[in-house]
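Okay, structure first, notes after.
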Amino acid sequence: MSGHGHQLTAEEAAAMFEPASWDERYSGPEKVWSGNANPQLVAEAGRLTPGTALDVGCGEGGDVIWLARHGWTVTGADFSANGLARAARHAERAGVADRVDWWQVDARTFAAGGRSYDLVTSHYLHAPDGGMVDVTRRLAEAVAPGGRLLVVGHSPSEVFAQMSASQRRAMFLAEELLPGLPDGFEPLVVEQRPRTLTRDGVRVDVPDSTLLARRTA
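Position 194 (the sequence shown) corresponds to 194 in UniProt numbering; numbering is contiguous.
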């Protein structure tokens, strides 16, 4: 999102995928996101028996707080220290800090390291140049047997035409993530789901690429 009326240079575009850019974005006093849970998380996690959850790319913690309020024990993970600090403050104010812990990690190098969760979720995390297939593979390793993996992102759409080429290349269709599922995973949802948002006072339908899979073994 250039937002400054100029085309991003290659260096500026690449920086948008790095922690320093997000630390800067989270350094001001204003909230960056609404704080509301993402609708695909509510739709899918709302059907599950609460257990342990990992939210990778948790940002300011809106999904983490929703999960904790609904009985989950949650780890919020992000590569931005400032984002995690904000999320921790929001969880404290929401009264769920005792159900949450935090993990600073980059999804592109994430390794489960023996940890496993009943739900592993990631919303609108976009790795550059098709990197979400590898991210999906890494996230899948953290899913416990019988658990769910939910990966949601922006689907390529004319709604995002103003974004840089590198940002658009980081978007994906749900089916493009399927090669990232290891053996022992059953896809349950592979679709571009509509979501309604308000942009500049106008309601716009945007497609969310939504992959939900269950680990069967």
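From the three backbone atoms N, C-alpha and C, an ideal C-beta is built for every residue, glycine too.
### Query
Pro-128: which of Ala-111, Gly-153, Leu-41 and Pro-39 sits nearest, CA to CA?
Of all alpha-carbon atoms in Ala-111, Gly-153, Leu-41 and Pro-39, the one lying nearest the alpha-carbon of Pro-128 is that of Gly-153.
### Query
Roughly how many angstroms lie between the CA atoms of Val-135 and Ala-88, to the nearest whole one?
24 Å
### the region 168-177 in contact with the region 140-147 per 3-pair CB rule at 8 Å
no
#### Entry: With 16 other Cβ atoms within 10 Å as the buried cut-off, status of Thr-75
Buried is the label assigned to Thr-75, since at least 16 other Cβ atoms lie within 10 Å of its Cβ.
### Task
May I ask you to verify whether the region 86-104 touches the region 57-77, counting CB pairs closer than 8 Å and requiring at least 3?
The region 57-77 and the region 86-104 touch, with three or more beta-carbon pairs separated by less than 8 Å.
### Message
Which of the three DSSP states is assigned to Asp-98 in this structure?
### Response
helix
### Query
So, are the CB atoms of Gly-180 and Val-133 less than 7 Å apart?
yes
#### Entry: Under the three-state DSSP convention, the category Thr-49 falls into
coil
### Query
Helix, strand or coil for Glu-92 per DSSP?
helix
### Query
By a C-beta neighbour count over all protein chains shown, 10 Å radius and 16 as the cutoff for buried, is Arg-215 buried or exposed?
buried
### Minimum C-alpha distance to Glu-60 - residue among Arg-86, Val-190, Ala-45 and Thr-109
Closest by alpha carbon: Arg-86.
### Message
When you compare the CB positions of Leu-149 and Ala-213, do they come within less than 7 Å of one another, or not?
### Response
yes
### Query
Residues in its own chain within less than 8 Å of Ala-140 by CB, not counting five upstream and five downstream?
So the qualifying residues of the chain are Val-120, Leu-149, Gly-180, Leu-181, Pro-182, Phe-185, Ala-213 and Arg-215.
### Query
Exposed or buried, which one is Leu-188 when buried takes at least 16 other CB atoms within 10 Å?
exposed
### Task
Over the uninterrupted beta strand (DSSP E) stretch that includes Gly-147, give me the two end residues.
143-154
### Task
Consider the C-beta atom of Met-132 and the heavy atoms of the ligand FMN; say whether any pair is separated by less than 6 Å.
The ligand FMN is absent from the structure shown, which contains no ligands of any kind.
### Task
With a 10 Å radius around its C-beta and 16 neighbouring C-beta atoms as the bar for buried, classify Val-151 as buried or exposed.
buried
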